Amino acid sequence: MHVFVPEDTTEHCPPSDTFYLIKGPLVALLGPDFLSKYAKGLSAILVGSHIDRGIALCFLPTGKLILSLDKDSYETLGLSAAKAKYPTKGEGRWTVNLDLTAKSFVPGRNLYDRVVSCLEERFGDVELLVFSETNDTTKRIEFPDEITAKEYTLQTLSEVWEDLSIPRLSAETTIDDEFLTEMNNWIGALHNNITDYLIPNKAQDLFASSFLPVLETETGTGTSFTWKGIIPPSFVLKQLNFLRQQVDSGALPWASLTVWGFEDTPISWRECQHFHSISGENDYSFLILPGDNYVMSLTVGPEDEFS
Amino acid sequence: EKARMFYDLNLPYEPNDLASVKERVMMAVKLGYDGVALNHVQHGKLTDVPINTVDLTQLSSEEVNFVSHSRIEQANRKFKQLRRLTLHIDAPNQCHSMHPSNPLLSKYDIIAVVPGDESLLHQACEKMQVDLISLDFSKKLPFRLRTKTIGAAIENGVKFEICYSASLKDPSSRRNLINNAMGLVNATKGKNIIISSGAYTAMELRGPYDVINLGTLFNLDCGASKNCISSFANSVILHGEAARRTEKSIYKAEWIRDVEEWKMEDVSTVEEGQDKKRKRGSKQK
């Protein structure tokens, strides 16, 4: 997540959320004790695997486990799955959708036993980014013994930009498609440290392409804050509300908040299927303006049911 | 799964400059490739020079930071480094070193040939037992790529290669690359082509999705372009394996991974059945 404010400031909403990077057999997370404590509110995503070249899986906070399998994995694993909408050409993929909070998902019942035996025998170890969120705070998770877990706390990385050409946003600025596209480009350039585009006084590198900003800009100082990891929605909301207050009170002329989603997730907004063939964007960006106005832009990939 | 992995099958290998090889392999790991082929380029006559793959478990902390810890761990498990030979042939008498009976060829996983003129291209397509035919697309080709000749190669299971790095340098090479590559795509209908770098430095390497976009400049659609660095590259590797690593080109033994041990159940029941049959036979006697 990335926040940019056009002032030299250190004020932001500090994070207090923890997440874990875990490694171990997937079946260890399906024990009845673990599920009863953590199934609701658990969010997790598989790392190190690409959805177009293998398996993708995620745990949703509603208590669901979604597995997106390619043809070979589907045939080896042996669980019943629905054919996925994407990719439309080629071999196709299959999605396994399990409700971990169902009353019938307990040891001794057919589905549970089948799932556990298949995952135990035919699914190797996985690496997941996990957090558990209830009542707008993340909580500590005690993992079973077979899982090795490393705990992380979200760290704020702040950077002050000087001599930056910052877009001028005033009451007269027309917010139209062209403006929003350029604004998105500008935020992207900032996040990618493309100084040639952002700081015009720096020497131009002939090797880089000459792509100049079209927006009306003025030179000034700004601060950007970055958080990396798996970010709970409550933290995004806290940050957003903080920025709203700052802009409303006049401490900031405007602010922007951008969140980049995982490209290899099997699910995007509202549990819509997501896929990455050439691109798989899954991002959203808020531009917070005075008068409690805001603009939200969603970047969605081509193979996403939500788009 | 293997058919969807991304491969760059042309990283020129210079035995005197192992640091450059390491740098390029690290860059390939960082960019997201699942395997590379270290390419020994020779002209005319074959000489025996071993190819040393890069040991990804022995890296300094700087190198690990460059790539990222988790990517290195994955690469240690899955990243393939293959050995490739590319022989530049300029005269018909140089063709005999490509005969499969040459023991030097068995040290390589992939064999490629760069024919110097049209008759040699014809020979490469119809008779030579190679995995890849590569041409220098950064210059204007001295001959035309005819559909018939290329069709003969494809029937023999030989694939064609487009190398992009030489064309990153100046506009005329770029123009030649695009024209030549479009001609090849036309002749092959977009199939049986691989795109690789041929990069001598790490800066000449491009990420897999960038290469896919580059492929679309050659009149390939996105899906076909993606196949050029994944499934067709994988079939070049399999072609090489079948030619040089199998017993009588039929079978190959491989250790099964722990996760696949459940498949062993089937084997043990078959053996029991056979024992029973033998016992019955001996009783009857």
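These protein sequence lines map, in sequence, to chains E and D. Numbering-wise, the first sequence is residues 19 to 325 according to the working numbering. Numbering-wise, the second sequence is residues 6 to 290 according to the working numbering. Yeah, the Cβ is synthetic: ideal placement off N, Cα and C, and Gly gets one too. Note that this is a predicted model, so its numbers are computed, not measured.
Please report whether the beta-carbon of residue i lies at a distance below 8 Å from any beta-carbon of chain D.
i: VAL114 (chain E); result: no
i: LYS58 (chain E); result: no
i: PRO288 (chain E); result: Residue identity check: residue 288 (chain E) is Arg in the sequence provided, not Pro. Taking Cβ atoms only, chain D never reaches closer than 8 Å to ARG288 (chain E), which makes this a no.
i: LYS107 (chain E); result: yes
i: VAL133 (chain E); result: no
i: THR111 (chain E); result: One detail in the question is off: residue 111 (chain E) reads as Arg in this sequence, not Thr. Answer no: the Cβ-Cβ gap between ARG111 (chain E) and chain D never drops below 8 Å.
i: GLY42 (chain E); result: no
i: VAL65 (chain E); result: yes
i: ASP70 (chain E); result: yes
i: ILE296 (chain E); result: yes
Alpha helix (DSSP H) containing residue i: first to last residue?
i: ASP266 (chain E); result: 251–267
i: MET326 (chain D); result: This structure cannot settle anything about residue 326 (chain D), because the visible part of chain D is limited to 6 through 290.
i: MET187 (chain D); result: 176–193
i: SER73 (chain D); result: Segment: none, SER73 (chain D) is in no alpha helix (DSSP H) and carries neither H nor E.
i: ASP131 (chain E); result: 128–140
i: PHE123 (chain E); result: PHE123 (chain E) -> no alpha helix (DSSP H), and no H or E assigned at all.
i: HIS209 (chain E); result: 195–209
i: THR152 (chain D); result: 152–160
i: PHE148 (chain D); result: First-last for PHE148 (chain D): undefined, no H or E at that position.
i: SER54 (chain E); result: 50–56
i: THR213 (chain E); result: 213–216
Looking at the C-beta of residue i, does it have a partner C-beta in chain E at a distance below 8 Å?
i: THR274 (chain D); result: Here the model assigns THR274 (chain D) a pLDDT of 49, short of 50, so the residue's position is not dependable and the matter cannot be decided.
i: MET31 (chain D); result: no
i: ASN15 (chain D); result: no
i: CYS233 (chain D); result: no
i: CYS168 (chain D); result: no
i: GLY228 (chain D); result: yes
i: ILE217 (chain D); result: yes
i: GLN63 (chain D); result: no
i: TYR38 (chain D); result: no
i: TYR214 (chain D); result: yes
i: ASN161 (chain D); result: no
i: GLN79 (chain D); result: yes
i: SER178 (chain D); result: no
Using the DSSP secondary-structure output, state which residues sit across from residue i in a beta bridge.
i: ARG88 (chain D); result: D:LEU43
i: ILE199 (chain D); result: D:GLU166
i: THR36 (chain E); result: E:THR171
i: GLU145 (chain E); result: E:LYS41
i: GLU164 (chain E); result: Beta-bridge pairing links GLU164 (chain E) to no other residue.
i: CYS76 (chain E); result: E:ILE63 and E:ILE84
i: ASP322 (chain E); result: E:HIS292
i: ALA273 (chain E); result: E:ILE306
i: ILE94 (chain D); result: D:PRO120
i: MET314 (chain E); result: E:PHE304
i: ILE234 (chain D); result: DSSP lists no partner for ILE234 (chain D).
i: ASP13 (chain D); result: D:VAL41
i: VAL241 (chain D); result: For VAL241 (chain D), which the question treats as bridged, DSSP gives no partner whatsoever.
i: THR152 (chain E); result: E:THR155
i: ALA100 (chain E); result: E:THR113
i: SER176 (chain E); result: E:PHE243
i: ILE285 (chain E); result: E:GLN291
i: PRO20 (chain D); result: Looking at the DSSP assignment, PRO20 (chain D) forms no beta bridge with any residue, so it has no partner.
For the putative contact between residue i and residue j, defined by C-beta atoms under 8 Å, what is the C-beta separation to the nearest angstrom?
i: PHE293 (chain E); j: TYR104 (chain E); result: 4 Å
i: PRO79 (chain E); j: LEU60 (chain E); result: 6 Å
i: TRP43 (chain E); j: GLU164 (chain E); result: Note that residue 43 (chain E) is Pro in the sequence shown, not Trp. Indeed, because the Cβ distance is near 6 Å, the residues count as touching under 8 Å.
i: CYS233 (chain D); j: ILE199 (chain D); result: 5 Å
i: ASN239 (chain D); j: LYS7 (chain D); result: 6 Å
i: ASP282 (chain E); j: SER91 (chain E); result: Not quite, the Cβ-Cβ distance comes to about 14 Å (not below 8 Å), so this is no contact.
i: LEU87 (chain D); j: ILE77 (chain D); result: Rounded, the Cβ-Cβ distance is 19 Å, inconsistent with contact.
i: GLN134 (chain D); j: ALA248 (chain D); result: 6 Å
i: ALA186 (chain D); j: PHE142 (chain D); result: 6 Å
i: THR154 (chain D); j: CYS130 (chain D); result: 5 Å
i: VAL178 (chain E); j: THR237 (chain E); result: The pair is not a contact, with the Cβ atoms about 14 Å apart (cut-off 8 Å).
Provide the residue span of the beta strand (DSSP E) that contains residue i, from first to last.
i: VAL216 (chain D); result: Counting along the chain, VAL216 (chain D) falls outside any beta strand (DSSP E), though it belongs to the alpha helix (DSSP H) covering 213–221.
i: ASN300 (chain E); result: 300–307
i: PRO120 (chain D); result: 115–120
i: HIS20 (chain E); result: 20–23
i: ASP117 (chain E); result: 112–117
i: ILE138 (chain D); result: 137–139
i: GLY240 (chain E); result: 235–244
Would you say residue i faces chain C, with C-beta separation under 8 Å as the test?
i: ARG9 (chain D); result: Given the protein chain composition of this structure (E and D), no chain C is represented.
Is it a yes or a no for the segment 202–212 of chain E touching the segment 133–151 of chain E, going by three-plus beta-carbon pairs under 8 Å?
In this structure the segment 202–212 of chain E does not touch the segment 133–151 of chain E; the number of beta carbon pairs closer than 8 Å is below three.
On the three-pair Cβ rule with 8 Å, is the segment 29–40 of chain D touching the segment 61–75 of chain D?
The segment 29–40 of chain D vs the segment 61–75 of chain D: in contact.
Pairs of beta-carbons, one from the segment 145–164 of chain E and one from the segment 249–261 of chain E, closer than 8 Å: are there three or more?
With the cut-off at 8 Å, the segment 145–164 of chain E and the segment 249–261 of chain E touch.
Using 8 Å as the threshold, is the segment 112–131 of chain E in touch with the segment 43–61 of chain D, meaning 3 or more CB pairs across them?
With the cut-off at 8 Å, the segment 112–131 of chain E and the segment 43–61 of chain D do not touch.
Kindly confirm or deny that the segment 291–307 of chain E and the segment 316–324 of chain E touch, where touching means at least three C-beta pairs closer than 8 Å.
A contact exists between the segment 291–307 of chain E and the segment 316–324 of chain E.
Check whether the segment 163–183 of chain E and the segment 237–245 of chain E touch, using three or more Cβ-Cβ pairs below 8 Å as the test.
Short answer: they touch.
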